[in-house]
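Enquirer:
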Amino acid sequence: MILSDYEIEILGYIAATLTTISFLPQAILTIRTRDTDGLSLSMYSTFTLGVLGWLVYGFFLKNNVIIIANSITLFLATLILSFKLYNTLFKSKK
158 MILSDYEIEI LGYIAATLTT ISFLPQAILT IRTRDTDGLS LSMYSTFTLG
208 VLGWLVYGFF LKNNVIIIAN SITLFLATLI LSFKLYNTLF KSKK
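Per this note's numbering, the sequence shown starts with residue 158, numbered consecutively.
1. Taking a contact to mean a Cβ-Cβ separation below 8 angstroms, would you say leucine 212 touches isoleucine 224 in this structure?
2. Specify, as a first and last residue, the run of the alpha helix (DSSP H) that lysine 219 falls within.
3. Rounding to the nearest angstrom, what Cα-Cα distance links lysine 219 and isoleucine 165 in this structure?
4. Are the CB atoms of alanine 184 and alanine 246 within a distance shorter than 8 angstroms?
5. Taking all protein chains shown into account, decide if leucine 238 is buried (16 or more other Cβ within 10 angstroms of its Cβ) or exposed.
6. Under a three-way DSSP split, which group does serine 161 fall into?
7. Suppose the cutoff is 6 angstroms on Cβ atoms and the five residues either side in sequence are ignored; what does the same chain contact list for valine 208 look like?
8. Could you tell me the distance, in whole angstroms, from the CA atom of lysine 248 to the CA atom of leucine 196?
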């Protein structure tokens, strides 16, 4: 089966939409509750840097699928990471 460039582009948008949407429940929960106790600081730090890397890669390729998906995910990941850092550095442990 050989796909056309258009079909490959559509596949990219579908995949990017699904992976970005999958991140929304965690972002919404974290924003609502401000609770980050169950989140790994090292995982979110590494993940956020990885998403930034994908975004830069997308810019070099001039690939809108990669740029759009990773821009949204980077925003959400940075937001969650910010809450995690704040809670880790400034909230007292019980």
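Every residue, glycine too, gets a C-beta built ideally from N, C-alpha and C.
Expert: In short:
1. yes
2. Membership of lysine 219 in any alpha helix (DSSP H) is not indicated, and neither H nor E is assigned to it by DSSP.
3. 16 angstroms
4. Note that residue 246 is leucine in the sequence shown here, rather than alanine. No, the pair does not count as a contact, with Cβ atoms beyond the cut-off.
5. It is buried - the Cβ of leucine 238 has at least 16 other Cβ atoms within 10 Å.
6. coil
7. Asn227, Thr230, Leu231 and Ala234
8. 15 angstroms
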